[in-house]
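Numbering (my numbering), first residue to last: 167 to 469.
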């Protein structure tokens, strides 16, 4: 199969020519570090990354969004952001943090909120029940439609749950060692990668190896893991009133196409873009196609 366009080369600067700066802000008692890409006067997208990731994972998409201002925080307890000091690192805790983030970074023009994978759960939860949403729209990339504990890979998920519970019962140092072990990271990476391109597969594994263990501590990771496998966008979808775009992959084993078609019908105002020949890692395997769908949506809601 021919290589998809738009995926980065390890030897090529990913964001060459795109303005970027790092900022920090205190939210819910903790320092959140965020990266701002593009011009300040451009339409704004606030983009939330997935479980165990950080802002690096979204840069392949951002590289295709030169006409937008994109704000990407490291979620509390991951990357370079500190853990929350108030509340747990569960869906509700992250949703409260996300609402505070939107209030802090909003310009005179309301942004679009986006989230990938676990970030999709947080984003949907943050907007659910908001009579006057602080955003123009919502974009969910590879959204977790229903709990992983009820999905078709639930046996694998339950095995991972047992491993995390074991790591939680071990002494702190030993438990953290298990959770940071490269074999655990590589196993998760292998399960999610669908591209047959060997160069792209190696690059994705390398990205996961470098960034998937940048969590702050064991307790934060275990709380976030519980949230990632038990949370689901479907619970919040009927209560999200803002226009919504779902971007999914037709080979996604984590968030299968059938679940996406069911999910889009739960939102009052939503549409689905299904990308062919790609799985859960659309941000790595088809970043240009995700970016194209996002730009079309932003232009529509900014109209």
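The C-beta atom is built at its ideal place from N, Cα and C for all residues, glycine as well.
Remember, it's a predicted structure, so these values are computed and weren't measured experimentally.
Please look up how many angstroms separate the CB atoms of residue i and residue j, rounded, as I've assumed it's under 8 angstroms.
i, j, result
"residue 204", "residue 232", "7 angstroms"
"residue 262", "residue 194", "7 angstroms"
"residue 209", "residue 468", "5 angstroms"
"residue 249", "residue 418", "Between residue 418 and residue 249 the Cβ distance is about 30 angstroms, and since that is not below 8 angstroms, they are no contact."
"residue 377", "residue 255", "Contact doesn't hold; Cβ gap of about 18 angstroms is too wide."
"residue 226", "residue 371", "Residue 226 to residue 371, Cβ: 15 angstroms. No contact."
"residue 399", "residue 429", "6 angstroms"
"residue 196", "residue 242", "6 angstroms"
"residue 280", "residue 460", "7 angstroms"
"residue 264", "residue 345", "Actually they are not in contact, since the Cβ atoms of residue 264 and residue 345 sit about 24 angstroms apart, beyond 8 angstroms."
"residue 286", "residue 307", "7 angstroms"
"residue 299", "residue 407", "6 angstroms"
Quick one: is residue i buried, meaning 16 or more other Cβ sit within 10 Å of its Cβ, or exposed?
i, result
"residue 187", "exposed"
"residue 315", "exposed"
"residue 325", "exposed"
"residue 295", "exposed"
"residue 282", "buried"
"residue 201", "buried"
"residue 330", "buried"
"residue 251", "exposed"
"residue 185", "exposed"
"residue 397", "buried"
"residue 310", "buried"
"residue 230", "buried"
"residue 340", "exposed"
"residue 446", "buried"
"residue 373", "buried"
"residue 409", "buried"
"residue 228", "buried"
"residue 435", "exposed"
"residue 356", "exposed"
"residue 362", "exposed"
For the alpha helix (DSSP H) that residue i lies in, which residues bound it at each end?
i, result
"residue 348", "348 to 358"
"residue 264", "257 to 271"
"residue 414", "Run containing residue 414: none in the alpha helix (DSSP H); it sits in the beta strand (DSSP E), 410 to 415."
"residue 460", "453 to 468"
"residue 228", "225 to 228"
Looking at the structure shown, is residue i part of a helix, part of a strand, or coil, going by DSSP?
i, result
"residue 297", "coil"
"residue 203", "strand"
"residue 483", "The structure shown does not extend to residue 483, since the chain spans only 167 to 469, so no value can be given for it."
"residue 281", "strand"
"residue 198", "strand"
"residue 211", "strand"
"residue 432", "coil"
"residue 193", "strand"
"residue 381", "strand"
"residue 391", "helix"
"residue 338", "helix"
Kindly indicate the opening and closing residues of the beta strand (DSSP E) around residue i.
i, result
"residue 238", "235 to 239"
"residue 438", "436 to 441"
"residue 303", "303 to 307"
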